[in-house]
Amino acid sequence: MNSFGRKFRVSIFGESHGELIGIVVDGVPAGIALSEADLNADLDRRKAGAKGTTPRKEADEPHIVSGVFNGYTTGAPLTVVFRNTNTRSGDYSNLVTQPRPGHADFVAREKWHGYSDYRGGGHFSGRITLGIVAAGAIAKKILGGTVKIESRILEIGGFTEPADIEAAVQSAVDSQDSLGGIIECTASGVPVGWGEPFFDSVEAVLSHALFSIPAVKGVEFGAGFAAARMRGSQHNDDIVASDGTTRTNNAGGINGGISNGNPVVFRVVVKPTSSIASAQQTFNFADGKVEPLVVRGRHDACIALRVPVVVEAMAAIVLCDFSMISAD
Ligand SMILES: Cc1cc2nc3c(=O)[nH]c(=O)nc-3n(C[C@H](O)[C@H](O)[C@H](O)COP(=O)(O)O)c2cc1C
Ligand SMILES: C=C(O[C@@H]1CC(C(=O)O)=C[C@@H](OP(=O)(O)O)[C@H]1O)C(=O)O
Numbered sequence: 137m138n139s140f141g142r143k144f145r146v147s148i149f150g151e152s153h154g155e156l157i158g159i160v161v162d163g164v165p166a167g168i169a170l171s172e173a174d175l176n177a178d179l180d181r182r183k184a185g186a187k188g189t190t191p192r193k194e195a196d197e198p199h200i201v202s203g204v205f206n207g208y209t210t211g212a213p214l215t216v217v218f219r220n221t222n223t224r225s226g227d228y229s230n231l232v233t234q235p236r237p238g239h240a241d242f243v244a245r246e247k248w249h250g251y252s253d254y255r256g257g258g259h260f261s262g263r264i265t266l267g268i269v270a271a272g273a274i275a276k277k278i279l280g281g282t283v284k285i286e287s288r289i290l291e292i293g294g295f296t297e298p299a300d301i302e303a304a305v306q307s308a309v310d311s312q313d314s315l316g317g318i319i320e321c322t323a324s325g326v327p328v329g330w331g332e333p334f335f336d337s338v339e340a341v342l343s344h345a346l347f348s349i350p351a352v353k354g355v356e357f358g359a360g361f362a363a364a365r366m367r368g369s370q371h372n373d374d375i376v377a378s379d380g381t382t383r384t385n386n387a388g389g390i391n392g393g394i395s396n397g398n399p400v401v402f403r404v405v406v407k408p409t410s411s412i413a414s415a416q417q418t419f420n421f422a423d424g425k426v427e428p429l430v431v432r433g434r435h436d437a438c439i440a441l442r443v444p445v446v447v448e449a450m451a452a453i454v455l456c457d458f459s460m461i462s463a464d
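Residue numbers (our numbering): 137 to 464.
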């Protein structure tokens, strides 16, 4: 559904080509100094503009329309909205009958019986992560300086060196294709004891939030999938101090679903963008045949380039919620 979190609870709304998109954040404590300016640094990091990102230029200007009064949060639900100003909805008219392979057109049409807003991917657009980034900036502010969350691009198209990544992105753009990537996120300063097993383990809740980001297809913690090829003697993290500090961090800062005081480390796989300009085949509901599809619209050739700050925001939202739950 469109709400997430127990105490710090976010509700997301809007469509890529609708009037506006946004987020409602419930559970923000009263008395925190907050203005739109506090959100802009992270919102700017999500903006398009770099090579391999969508040519659709949007101001992405946040408007806080509830929950802040005289410069301070009130304790009431806090709403941030963003206007969509640069839409080209005609680019999507052919997708009514010919759903794009890899995007949500087909499933949205089936699930919502043809009523879904298909323009720009509608509610399934990566654009609506703008609200997530705003909520993440608020969560970071509540968490304060002790918990530090940082994401970085680990790989794009299988390359790790910046020069190789740049060349791979250029090559994907030139060949009307797209690229995937891996983002690594580290949250340091998380105290021992956050997480609510059985079902609300730190891994479970983080994964739930991270898999909600459009185009995310994998999440691993610490040594992750490599653990399948390790022995216990290699994977176990020796505890070397009374505060729980470990020599290695194969567990990614989590044991038994509970934070163990070491950095929480995880990686996220972002798939290659489905909307590519090169030829594809898909079912045409107008004539019942599988036919070539021309995808229009202005697309990210590599979504992973824009996702690090979205991953950070999701982590901040989850950790802020855990901090409030564990304070009870
Ligand atoms: C920041 C961001 C930007 C995105 N940009 C595009 C895009 O330009 N074109 C596209 O087809 N998909 C884009 N996506 C991914 C789609 O929204 C996503 O693939 C689609 O909703 C289907 O969901 P799924 O890939 O999780 O199955 C973007 C996702 C994010 C998070
Ligand atoms: C606008 C944004 O990204 C959009 C995400 C997106 C998709 O399918 O997810 C498709 C494109 O939409 P359009 O064809 O309308 O330009 C991207 O531009 C944004 O991230 O702010």
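Heads up, the beta-carbon is just placed ideally off N, CA and C, and yes, glycines get one too.
These figures come from a predicted structure and were not determined experimentally.
Any chance the CB of residue 444 is under 8 Å from a heavy atom of ligand 2?
One-based indexing of the sequence shown puts residue 444 at position 308. Every heavy atom of ligand 2 is 8 Å or more from the Cβ of residue 444, so no.
Opposing strand residues paired with residue 199 [DSSP bridges]
Within the sequence shown, numbered from 1, the residue matching residue 199 stands at position 63. In DSSP, residue 199 forms a bridge with 217.
When DSSP labels each residue in this structure, what does residue 224 get in the three-state scheme?
Locating residue 224 in the sequence shown gives position 88, where the first residue counts as 1. Three-state DSSP puts residue 224 in coil, outside helix and strand.
Beta-carbon proximity check, residue 415 vs residue 233, cutoff 9 Å
Indexing the sequence shown from 1 puts residue 415 at position 279. Indexing the sequence shown from 1 puts residue 233 at position 97. No, the Cβ-Cβ distance between residue 415 and residue 233 is not below 9 Å.
Rounded separation between residue 394 and residue 334 - CA only
Taking the first residue of the sequence shown as position 1, residue 394 is located at position 258. Taking the first residue of the sequence shown as position 1, residue 334 is located at position 198. So the two alpha carbons sit approximately 10 Å from each other.
Please tell me whether residue 264 and residue 147 are closer than 9 Å, where the distance is taken between their beta carbons.
The residue labelled residue 264 in the question sits at position 128 within the sequence shown. The residue labelled residue 147 in the question sits at position 11 within the sequence shown. Contact: no.
With 16 as the cutoff for other CB atoms within 10 Å, does residue 249 come out buried or exposed?
By 1-based counting over the sequence shown, the position of residue 249 is 113. So residue 249 counts as exposed.
Host alpha helix (DSSP H) of residue 427 (start-end)
Locating residue 427 in the sequence shown gives position 291, where the first residue counts as 1. That residue, residue 427, is in no alpha helix (DSSP H); its beta strand (DSSP E) goes 425-429.
Residue 262: CB within 8 Å of a non-hydrogen atom of ligand 1:
Translated into the one-based positions of the sequence shown, residue 262 becomes position 126. Because some heavy atom of ligand 1 lies under 8 Å away, the Cβ of residue 262 counts as near it: yes.
Beta carbon of residue 350: closer than 8 Å to some heavy atom of ligand 1?
As a working note, residue 350 is residue 214 in the sequence shown. For ligand 1, at least one heavy atom lies less than 8 Å from the Cβ of residue 350.
Judging by CA-CA distance, which residue of 206, 175, 220, 191 is the nearest neighbour of residue 155?
The residue you call residue 155 lines up with position 19 of the sequence shown. The shortest Cα separation from residue 155 among 206, 175, 220, 191 belongs to 220.
Between the alpha carbons of residue 295 and residue 301, how many angstroms are there, rounded?
Taking the first residue of the sequence shown as position 1, residue 295 is located at position 159. Taking the first residue of the sequence shown as position 1, residue 301 is located at position 165. Spanning the two alpha carbons is a distance of roughly 6 Å.
N-terminal and C-terminal residue of the beta strand (DSSP E) that residue 230 is part of:
In the sequence shown, the residue the question calls residue 230 occupies position 94. Segment: none, residue 230 is in no beta strand (DSSP E) and carries neither H nor E.
With burial defined as no fewer than 16 other Cβ atoms inside 10 Å of the residue's Cβ, what is the status of residue 356: buried or exposed?
Taking the first residue of the sequence shown as 1, we reach residue 356 at position 220. Buried is the call here.
Three Cβ pairs or more, each shorter than 8 Å: is that satisfied between the region 440-458 and the region 279-299?
yes
Just the Cα atoms here: how many angstroms apart are residue 237 and residue 199?
Within the sequence shown, the letter at position 101 stands for residue 237. Within the sequence shown, the letter at position 63 stands for residue 199. Each residue's alpha carbon lies about 35 Å from the other.
Quick one: Cα of residue 224 to Cα of residue 193, how far?
Counting from one through the sequence shown, the residue named residue 224 turns up at place 88. Counting from one through the sequence shown, the residue named residue 193 turns up at place 57. Residue 224 and residue 193: Cα-Cα distance of roughly 11 Å.
Quick check on the burial criterion: 16 or more other C-beta atoms within 10 angstroms. Buried or exposed for residue 374?
Here residue 374 refers to the residue found at position 238 of the sequence shown. Burial call: exposed.
Just curious, the alpha helix (DSSP H) that residue 420 is in, first and last residue?
Here residue 420 refers to the residue found at position 284 of the sequence shown. Note, residue 420: premise wrong, no alpha helix (DSSP H); beta strand (DSSP E) at 416-420.
So what does DSSP say about residue 155, is it helix, strand or coil?
As a first step, residue 155 must be located in the sequence shown, where it is residue number 19. Residue 155 falls in the coil class under three-state DSSP.
How far does the alpha helix (DSSP H) with residue 322 in it extend, from its first residue to its last?
Numbered from 1 along the sequence shown, position 186 holds the residue referred to as residue 322. Careful: residue 322 lies outside any alpha helix (DSSP H), inside the beta strand (DSSP E) at 317-324.
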